[in-house]
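Protein sequence lines, in the order shown, are assigned to chains A and B. Letter by letter, the first sequence follows residues 27 to 225 of our numbering. Letter by letter, the second sequence follows residues 27 to 225 of our numbering. Just so it is clear, CB atoms sit at the ideal spot from N, CA and C, and this is done for glycine as well. The structure presented is a predicted model; accordingly, all values stated were derived computationally and were not measured. Heads up: the structure comes next, in structure tokens.
Protein chains: 2
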Amino acid sequence: MSDTRNQILDAAEQQFADRGFYGVSLANIAETLGVTKQALLHHFGTKERLYGSVLDRISKEFLNALHAQHLQTLEPEEQFRSFLRDLLGRSSSDASRDRLLVRELLDNRERAAEADAWYMRDFLEALTRVLKTCCGWQQATDAEAFCAVYQLVGAASYYAISEPTLTGLGGEKGYRAITRSFAPQFELLIEAVLKQQAP
Amino acid sequence: MSDTRNQILDAAEQQFADRGFYGVSLANIAETLGVTKQALLHHFGTKERLYGSVLDRISKEFLNALHAQHLQTLEPEEQFRSFLRDLLGRSSSDASRDRLLVRELLDNRERAAEADAWYMRDFLEALTRVLKTCCGWQQATDAEAFCAVYQLVGAASYYAISEPTLTGLGGEKGYRAITRSFAPQFELLIEAVLKQQAP
DNA sequence: TCGATACCTTACCCGTTGGTAAGTCGAGAT
DNA sequence: ATCTCGACTTACCAACGGGTAAGGTATCGA
Numbered sequence: 027m028s029d030t031r032n033q034i035l036d037a038a039e040q041q042f043a044d045r046g047f048y049g050v051s052l053a054n055i056a057e058t059l060g061v062t063k064q065a066l067l068h069h070f071g072t073k074e075r076l077y078g079s080v081l082d083r084i085s086k087e088f089l090n091a092l093h094a095q096h097l098q099t100l101e102p103e104e105q106f107r108s109f110l111r112d113l114l115g116r117s118s119s120d121a122s123r124d125r126l127l128v129r130e131l132l133d134n135r136e137r138a139a140e141a142d143a144w145y146m147r148d149f150l151e152a153l154t155r156v157l158k159t160c161c162g163w164q165q166a167t168d169a170e171a172f173c174a175v176y177q178l179v180g181a182a183s184y185y186a187i188s189e190p191t192l193t194g195l196g197g198e199k200g201y202r203a204i205t206r207s208f209a210p211q212f213e214l215l216i217e218a219v220l221k222q223q224a225p
Numbered sequence: 027m028s029d030t031r032n033q034i035l036d037a038a039e040q041q042f043a044d045r046g047f048y049g050v051s052l053a054n055i056a057e058t059l060g061v062t063k064q065a066l067l068h069h070f071g072t073k074e075r076l077y078g079s080v081l082d083r084i085s086k087e088f089l090n091a092l093h094a095q096h097l098q099t100l101e102p103e104e105q106f107r108s109f110l111r112d113l114l115g116r117s118s119s120d121a122s123r124d125r126l127l128v129r130e131l132l133d134n135r136e137r138a139a140e141a142d143a144w145y146m147r148d149f150l151e152a153l154t155r156v157l158k159t160c161c162g163w164q165q166a167t168d169a170e171a172f173c174a175v176y177q178l179v180g181a182a183s184y185y186a187i188s189e190p191t192l193t194g195l196g197g198e199k200g201y202r203a204i205t206r207s208f209a210p211q212f213e214l215l216i217e218a219v220l221k222q223q224a225p
């Protein structure tokens with residue numbers, strides 16, 4: 027992987043997360059990198075493909091995180107727990123990825139015709155497979171397990187993208203209050219799913 | 027309220043929900059109405075103000091729904107329950123409002139500097155006040171109650187905007203599976219909040 | 001040394017963008 | 001009958017959008 031290529035993806039990811047696909051121009055991204063927009067077009071061909079590459083990279087990073095060495099040695103339950111804990115941690119410290127993810131969720135229904143499949147599919151299905159090897163979930167249908175996974179990942183994302191609004195509405199004090207209450211609540215949600223109480 | 031004015035707001039709301047602020051052009055909205063874009067500019071001055079007017083109208087509709095006659099006669103607990111149930115019902119049947127709401131949540135951090143306050147503030151605070159009159163919540167801080175309200179409303183929104191993706195990923199069967207499981211789960215969430223188990 | 005290839009630039013194109021200026025047109029009031 | 005005002009329209013604009021064409025330059029294998 028080229029160095030500039032990754033730098034372009036970094037800048038693009040940040041800006042797409044902040045302003046959405048239509049809110050960002052190629053010239054805008056290029057400017058922050060000190061290159062011309064044709065450098066981007068050289069690497070990615072079109073704006074759509076650049077956007078797709080950003081999503082691809084994120085998808086792969088999610089999959090890599092799930093297949094990370096330190097998780098593979100664990101029991102499925104603990105693997106599931108540990109991964110989602112990490113996920114929430116990453117979302118809290120840097121919400122830009124979640125903003126992009128949710129934007130894509132919104133835009134997907136327009137772009138769905140063009141794209142063959144949703145870019146998060148592989149990751150979500152992999153996590154679903156982990157859940158289905160957990161005790162108490164072997165009998166569940168794929169759809170049930172998928173729903174549970176989707177809702178957990180969604181809860182973390184929604185929490186992450188709410189930070190600026192909650193800070194703006196409740197002040198820092200209000201935001202800290204929700205932060206304190208959300209992490210343990212998320213743990214409860216995970217446990218509820220693992221104990222098959224939720225679906 | 028003029029008739030065309032409301033028609034413009036209708037079309038704008040739909041399109042902003044579908045493609046976001048930057049994804050929609052004034053000419054685009056005008057075309058669907060069979061007028062020129064200058065008609066929109068005549069009524070609203072700028073694109074930003076048109077967008078703001080759309081949000082204002084939604085905010086007022088939320089407040090009206092909360093202050094509806096049939097809710098006022100109920101006990102606070104049942105009022106809270108009943109309103110959120112209705113909210114989920116409206117979100118399920120027409121998700122466009124929720125898409126706009128979530129988009130605004132994402133864009134808000136950029137627009138926050140310009141807008142004096144978030145457009146959903148009044149509504150969320152009104153609902154928070156209802157919760158605070160419920161048994162078991164009188165002692166809670168404003169922030170705690172607000173967080174609980176925010177998470178409930180957020181859960182309904184996130185569910186609503188997920189429909190196309192879930193249908194795309196799991197097929198109609200998968201989507202129906204989550205639909206069946208979500209409504210009762212949402213009820214449990216409401217009850218958990220009312221019983222002060224959650225925060 | 002030569003050619004090819006990857007990487008990037010300058011120059012240019014044209015449709016679209018939000019917005020302005022200046023009218024048109026009909027209804028109501030005086 | 002005229003004046004006014006709100007609700008539009010046509011005509012226009014400068015800036016910006018993504019994208020193309022063509023050229024320069026460094027690297028590298030033959």
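Three-way DSSP call (helix, strand, coil) for B/Lys-73 in this model = Stepping through the second sequence from its first residue, residue 73 of chain B is reached at position 47. Correct three-state label for B/Lys-73: helix.
Interface flag, A/Phe-208 vs chain B, CB-CB below 9 angstroms | Against the first sequence, residue 208 of chain A aligns to sequence position 182. The beta carbon of A/Phe-208 sits closer than 9 angstroms to some beta carbon of chain B.
B/Gly-196, DSSP secondary structure in three states = Here residue 196 of chain B refers to the residue found at position 170 of the second sequence. For B/Gly-196, the three-state secondary structure derived from DSSP is helix.
Can you list, in chain order, the residues of its chain whose CB lies under 7 angstroms from that of B/Ala-224, leaving out five sequence neighbours each side?
-> Taking the second sequence and counting its residues from 1, one reaches residue 224 of chain B at position 198. At B/Ala-224, the pLDDT of 47 sits below 50, so the modelled position is not reliable; the number obtained from the coordinates is stated separately. So the qualifying residues of the chain are Ala-174 and Ala-218.
Exposed or buried, B/Leu-131, counting other C-beta atoms within 10 Å across all chains shown (16 or more means buried)?
-> Taking the first residue of the second sequence as 1, we reach residue 131 of chain B at position 105. Residue burial is scored here from C-beta neighbours: B/Leu-131 has at least 16 other C-beta atoms within 10 angstroms and is therefore classed as buried.
Are the region 76-89 of chain B and the region 166-173 of chain B touching by the rule of at least three beta carbon pairs closer than 8 angstroms?
-> No, the region 76-89 of chain B does not touch the region 166-173 of chain B.
Alpha-carbon spacing of A/Ala-181 relative to B/Ala-181, whole angstroms = In the first sequence, counting from the first residue as 1, residue 181 of chain A sits at position 155. In the second sequence, counting from the first residue as 1, residue 181 of chain B sits at position 155. Cα to Cα, the separation comes out at about 8 angstroms.
Whose C-beta lies closer than 7 angstroms to the C-beta of A/Leu-178 among residues of the same chain, with five residues either side of it excluded?
-> Counting from one through the first sequence, the residue named residue 178 of chain A turns up at place 152. Leu-110, Leu-215, Ile-216 and Val-219.
Chain-ordered neighbours of A/Lys-199 on chain B, where CB pairs are closer than 8 angstroms | Residue 199 of chain A sits at position 173 when you count from the first residue of the first sequence. Per Cβ cutoff of 8 angstroms: Ala-169.
How about A/Asp-29: is its C-beta nearer than 9 angstroms to some C-beta of chain B?
-> If you number the first sequence from 1, residue 29 of chain A lands on position 3. For A/Asp-29, the answer is no, since every Cβ of chain B falls outside 9 angstroms of its Cβ.
7 angstroms Cβ cut-off: residues of chain A touching B/Asp-82 = Counting from 1 along the second sequence, the entry for residue 82 of chain B is found at position 56. For B/Asp-82, there are no neighbours in chain A by C-beta distance under 7 angstroms, as the nearest C-beta there is about 17 angstroms away.
Give the interface partners of B/Cys-173 over in chain A, defined as CB-CB distance under 7 angstroms, in chain order.
-> Counted from its first residue, the second sequence places residue 173 of chain B at position 147. The answer, in chain order, is Ala-203, Ile-204 and Ser-207.
Could you name the residues of the same chain whose beta carbon sits closer than 8 angstroms to that of B/Arg-129, not counting the 5 residues immediately before and after it, in chain order?
-> Mapped onto the second sequence, residue 129 of chain B falls at position 103. Phe-42, Ala-43, Gly-46 and Phe-47, listed in sequence order.
Roughly how far, in whole angstroms, is the beta-carbon of B/Leu-92 from the beta-carbon of B/Leu-153, given that I think they are within contact range, below 8 angstroms?
-> Here residue 92 of chain B refers to the residue found at position 66 of the second sequence. Here residue 153 of chain B refers to the residue found at position 127 of the second sequence. So it is a contact: roughly 6 angstroms between Cβ atoms.
Nearest to B/Glu-104 (by Cα), restricted to the options B/Thr-159, B/Ala-121, B/Leu-52 and B/Ala-209 = Translated into positions along the second sequence, residue 104 of chain B becomes position 78. Out of B/Thr-159, B/Ala-121, B/Leu-52 and B/Ala-209, B/Thr-159 has the C-alpha closest to the C-alpha of B/Glu-104.
Taking Cβ-Cβ distances below 8 angstroms as the criterion, which residues of the region 99-127 of chain A are in contact with chain B?
-> So the close ones are Arg-125.
Minimum Cβ-Cβ distance from A/Ala-224 to chain B less than 9 angstroms | Here the question's residue 224 of chain A lines up with position 198 in the first sequence. At A/Ala-224 the pLDDT is 47, less than 50, meaning the model places this residue with poor confidence; the figure from the coordinates comes in the next sentence. Cβ-Cβ to chain B under 9 angstroms: yes for A/Ala-224.
List the residues of chain A that B/Leu-131 touches, going by C-beta distances under 8 angstroms, in chain order.
-> Indexing the second sequence from 1 puts residue 131 of chain B at position 105. Within chain A, the residues near B/Leu-131 are Ile-187, Ser-188 and Thr-191.
Verify the CB distance criterion: does A/Gly-78 have a CB-CB separation below 9 angstroms to chain B?
-> As a position in the first sequence, residue 78 of chain A is number 52, starting the count at 1. Not an interface residue.
Let me know the secondary structure DSSP gives A/Glu-101 once reduced to three states.
-> Position 75 of the first sequence, counted from the start, is the residue given in the question as residue 101 of chain A. Three-state result, A/Glu-101: coil.
Limits of the unbroken alpha helix (DSSP H) element including B/Phe-42 = One-based indexing of the second sequence puts residue 42 of chain B at position 16. Secondary structure note for B/Phe-42: its alpha helix (DSSP H) is the uninterrupted segment 29-45.
Note down, in chain order, each residue of its chain lying with its Cβ closer than 8 angstroms to the Cβ of A/Leu-100, except the 5 sequence neighbours on either side.
-> One-based indexing of the first sequence puts residue 100 of chain A at position 74. Non-local beta-carbon contacts of A/Leu-100 in its own chain, meaning distances under 8 angstroms to residues more than five positions away in sequence, involve Ser-108 in chain order.
Own chain, CB closer than 8 angstroms to A/Gln-164, minus 5 neighbours either side, in chain order = The sequence position of residue 164 of chain A within the first sequence is 138, counting from 1. Cβ within range, chain order: Lys-158.
Neighbourhood of A/Lys-63 by C-beta distance below 6 angstroms, restricted to the same chain and skipping five residues each side | Numbered from 1 along the first sequence, position 37 holds the residue referred to as residue 63 of chain A. Non-local C-beta neighbours of A/Lys-63 in its own chain, meaning closer than 6 angstroms and more than five positions away in sequence, comprise Leu-52, Ala-53 and Ala-56, ordered along the chain.
Could you name the residues of chain A that B/Leu-195 contacts, counting a contact when the two beta carbons are closer than 9 angstroms?
-> As a first step, residue 195 of chain B must be located in the second sequence, where it is residue number 169. Against chain A, a Cβ distance below 9 angstroms from B/Leu-195 picks out Ala-143, Trp-144, Met-146, Arg-147, Leu-150, Glu-151, Phe-172 and Tyr-176.
Would you kindly check if the distance between the Cβ of B/His-69 and the Cβ of B/Arg-31 is under 9 angstroms?
-> To locate residue 31 of chain B, count along the second sequence from 1; it is residue 5. To locate residue 69 of chain B, count along the second sequence from 1; it is residue 43. It is a contact, given that the beta carbons lie within the stated cut-off.
Where B/Gly-162 sits in the DSSP three-state scheme = As a first step, residue 162 of chain B must be located in the second sequence, where it is residue number 136. DSSP places B/Gly-162 in coil when its eight states are reduced to three.
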